[in-house]
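Take a look at the structure set out below.
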Amino acid sequence: HAHVRVQATAFVCLARHQNPTPPPPPQSYHSSTLSTTVLMPPITILFVLIGSLGDTLPFLALAEGLRVRHPDKYNIVFAAHEEHRPIVTEHGFGEGFSPIEPSIVSAVKDTPEGKALPTAGMLNGLTAAKAFFGKLFVQWHKGIISACLEHHPDLALLATFPAYCGLTALQDVLPRKIPYIVMHTVPAYPTSEFLPATLGYTLPLGFLNKFLWTVGETVSRSQVFEPLVDSIRAIEHLPKMTPAQRIAVAASVSSTPTLYIFSQYLVPQPQDWPAAHRVIGSLVPEQDRRTLISHNDLSRPSTAITYEPPEELAEFLESVNEQSLPLVYMGLGSMLGTVVDGAQARTVIEAFIRATRLLSFACAAIINVKGYPLDNPEAGDLPVLKDGERQTILLWDGHVPHSYLFPLCDFIVHHGGAGTTQAAVLYSARRVPRGLETVMEGAAALVVPCATTSDQPFWGSVVQRLAMGPPAINVDKIDGRGIARAIEEGVRGKEGEVWRKNVGKVAVEMWGEDGVGAGCGVVEEMVERLQLGVEGSDMYKA
Numbered sequence: 003h004a005h006v007r008v009q010a011t012a013f014v015c016l017a018r019h020q021n022p023t024p025p026p027p028p029q030s031y032h033s034s035t036l037s038t039t040v041l042m043p044p045i046t047i048l049f050v051l052i053g054s055l056g057d058t059l060p061f062l063a064l065a066e067g068l069r070v071r072h073p074d075k076y077n078i079v080f081a082a083h084e085e086h087r088p089i090v091t092e093h094g095f096g097e098g099f100s101p102i103e104p105s106i107v108s109a110v111k112d113t114p115e116g117k118a119l120p121t122a123g124m125l126n127g128l129t130a131a132k133a134f135f136g137k138l139f140v141q142w143h144k145g146i147i148s149a150c151l152e153h154h155p156d157l158a159l160l161a162t163f164p165a166y167c168g169l170t171a172l173q174d175v176l177p178r179k180i181p182y183i184v185m186h187t188v189p190a191y192p193t194s195e196f197l198p199a200t201l202g203y204t205l206p207l208g209f210l211n212k213f214l215w216t217v218g219e220t221v222s223r224s225q226v227f228e229p230l231v232d233s234i235r236a237i238e239h240l241p242k243m244t245p246a247q248r249i250a251v252a253a254s255v256s257s258t259p260t261l262y263i264f265s266q267y268l269v270p271q272p273q274d275w276p277a278a279h280r281v282i283g284s285l286v287p288e289q290d291r292r293t294l295i296s297h298n299d300l301s302r303p304s305t306a307i308t309y310e311p312p313e314e315l316a317e318f319l320e321s322v323n324e325q326s327l328p329l330v331y332m333g334l335g336s337m338l339g340t341v342v343d344g345a346q347a348r349t350v351i352e353a354f355i356r357a358t359r360l361l362s363f364a365c366a367a368i369i370n371v372k373g374y375p376l377d378n379p380e381a382g383d384l385p386v387l388k389d390g391e392r393q394t395i396l397l398w399d400g401h402v403p404h405s406y407l408f409p410l411c412d413f414i415v416h417h418g419g420a421g422t423t424q425a426a427v428l429y430s431a432r433r434v435p436r437g438l439e440t441v442m443e444g445a446a447a448l449v450v451p452c453a454t455t456s457d458q459p460f461w462g463s464v465v466q467r468l469a470m471g472p473p474a475i476n477v478d479k480i481d482g483r484g485i486a487r488a489i490e491e492g493v494r495g496k497e498g499e500v501w502r503k504n505v506g507k508v509a510v511e512m513w514g515e516d517g518v519g520a521g522c523g524v525v526e527e528m529v530e531r532l533q534l535g536v537e538g539s540d541m542y543k544a
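Its first residue numbered 3, the sequence shown is counted upward by one per residue in the numbering used here.
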């Protein structure tokens, strides 16, 4: 979903204006910035998220980092889709949870506009985006304002969609503006070094990349985002934005603290980005982290030790291990049953099963069918496995942490989400004996983009560019034979050996980054400026 550009200058709050009686202050802490003797109330940070589960997990990792560094300094509150309340609560941030509805995943699945968006293509993409996001932005806007009214945040951390919806609509009227930091899972600022995420990776000449960024920015802003902002302003009984306001909104993006939560070893920091825009690395929850022991070894994520899989999964994995079979994972995450629906959902699962049958060597496969649309007559029931196949093929309808499963995998087929792309590298890397030495290797990956107007093709291009897997196969081109060829090469082929070594090499570099630490540093710098009474544009000086 990260193809939507952010055009926001201020996250504003109605709380102090419409509800002048603030809630009782939380427990105080000793300020290390102003004085070691002055008691300061905790800083309330509102994490505002709209997206899939994979979009939520990195923010939980950052919240954990802040809590570990300063247990009493921050009052951290989440505003997100109701379906994410359980995992937010599981990580210890359920108190004060504010729902933002409707869920974008449900909207893609259940509305005609949502079903049309992922495959709209370049020509119809803007029209489809405007039709889909028009009503959603109004509803999301109400949820964000409600969260502000309830929690009175001092600072906001905004994912891509919240950074846009409803914020510029109110910036010039309400008396209190809340400083904010934007976080993206995909590049979202013009550069000559690569293309916008929906167009692949790069063109031969840098100025062509920059030109397409500029054209895309101009058209999407004038045809989609500005009209949506005006519609939200109308709801708030505000006039349309003036030309000067529109220009100021667009210009402010370069100075807004913006963190890109992917590794520079996958997508290097562009040299022509402004200082406020930083690639900081992956944000990994504490339980999933691995320690970089050396460039030839990594610790195991604690999840691999402490997670207890359901009995069916545990028995299957034990059988695979006893037979010494290579293991392949195939799954499309939240795309199955939403973007990939009806007859196409059945075609994909059948292709995954057929690929396993076509392999020239014995192999086990876990096929994730969570989200399969059993209620859709075009999809029908799940395909039936043949006699004996249940020993080597598991149709898994449940959640399992990537940090637990991917270390066991020898090849991974996924949809190309930003989080899954990075997880496939981070968790599958391990030491493998080769002759008289051991080397770091990981599972090669085949990316199957499902939403061609999203960032999925971009991550497919990244995997191919870094020689960590074969070229991506769009979901509408998927077939069992093509998947089987990719698995054969990735597990047993000569080129696959190169892919596996590159995955191991990149994983070691990625685990050497500290994305959570870098993100916490930016937050703490903003908080320090708040405590010093810095206001206006000075809050955003890089």
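Note that beta-carbon positions come from the ideal geometry of N, C-alpha and C, so glycine has one too.
Residue 486 carries a helical assignment under DSSP once its states are collapsed to helix, strand and coil. Annotated three-state conformation of residue 364 is coil, per DSSP. Listed in chain order, the non-local C-beta contacts of residue 288 below 6 angstroms within the same chain comprise 66, local neighbours out to five positions each way being set aside. Straight-line measurement puts the Cα of residue 278 at about 9 angstroms from the Cα of residue 255.
Residue 320 and residue 311 have their C-alpha atoms spaced approximately 11 angstroms apart. In this structure, the alpha-carbon of residue 499 lies about 9 angstroms from that of residue 443. Residue pairing of residue 77 in beta bridges, as defined by DSSP: 46.
Only buried fits residue 130, as 16 or more other CB atoms lie within 10 angstroms of its CB. About 7 angstroms separates the beta carbons of residue 409 and residue 302, which is inside the 8 angstroms limit, making them a contact pair. Fully enclosed alpha helix (DSSP H) runs of no fewer than 4 residues occupy 420-430, 458-467 of the region 406-474, in order along the chain. By the Cβ test, the region 463-473 is not in contact with the region 328-342, since fewer than three Cβ pairs between them sit closer than 8 angstroms. Taking residue 346 as reference, the option from 92, 515, 476, 186 with the minimal CA-CA separation is 476. The shortest CA-to-CA distance from residue 432 to any of 296, 143, 497 is the one to 296. Annotated three-state conformation of residue 315 is helix, per DSSP. Per the coordinates, the alpha-carbon of residue 349 lies some 59 angstroms from the alpha-carbon of residue 534. By the 16-neighbour rule on beta-carbons within 10 angstroms, residue 401 is exposed. Sequence-distant Cβ neighbours of residue 51 in its own chain, meaning closer than 8 angstroms and more than five residues away, are 57, 58, 61, 80, 81, 82, 83, 86, 102, 161, 164. The continuous stretches of beta strand (DSSP E) do not include residue 327, and DSSP gives it neither H nor E.
Pairing residue 369 with residue 351 gives a Cβ-Cβ distance under 8 angstroms. By alpha-carbon distance to residue 185, the top candidate from 201, 198, 159, 210 is 159.
Annotation: the continuous alpha helix (DSSP H) that includes residue 108 extends over 106-112. Restricting attention to beta strand (DSSP E) runs no shorter than 3 residues, the region 339-402 encloses them at 366-370, 395-398, ordered along the chain. A distance below 8 angstroms between beta-carbons, with the five flanking residues on each side excluded, links residue 90 to the following residues of its chain, in chain order: 58, 62, 80, 82, 96, 99.
The shortest C-alpha to C-alpha distance from residue 379 to any of 343, 394, 364 is the one to 343. One Cα belongs to residue 513, the other to residue 292, and the distance between them is close to 7 angstroms. The Cβ atoms of residue 471 and residue 448 sit closer than 8 angstroms to each other. The alpha-carbon separation between residue 419 and residue 49 amounts to approximately 21 angstroms.
Counting only the Cα atoms, residue 44 lies some 44 angstroms from residue 217.
Judged by pairs of C-beta atoms under 8 angstroms, the region 352-366 touches the region 486-498, as three or more such pairs exist.
Beta-bridge analysis with DSSP links residue 280 to 261.
At a Cβ-Cβ threshold of 8 angstroms, residue 315 and residue 398 count as neighbours. With fewer than 16 other CB atoms across the displayed protein chains lying within 10 angstroms of its CB, residue 210 is exposed.
Residue pairing from DSSP places residue 186 in a beta bridge opposite 262. Using a Cβ distance threshold of 8 angstroms, residue 226 and residue 138 do not count as a contacting pair.
Minimum Cα-Cα distance from residue 371 among the listed residues 365, 355, 364 corresponds to 355. Comparing alpha carbon positions, the residue from 309, 394, 299 closest to residue 324 is 394.
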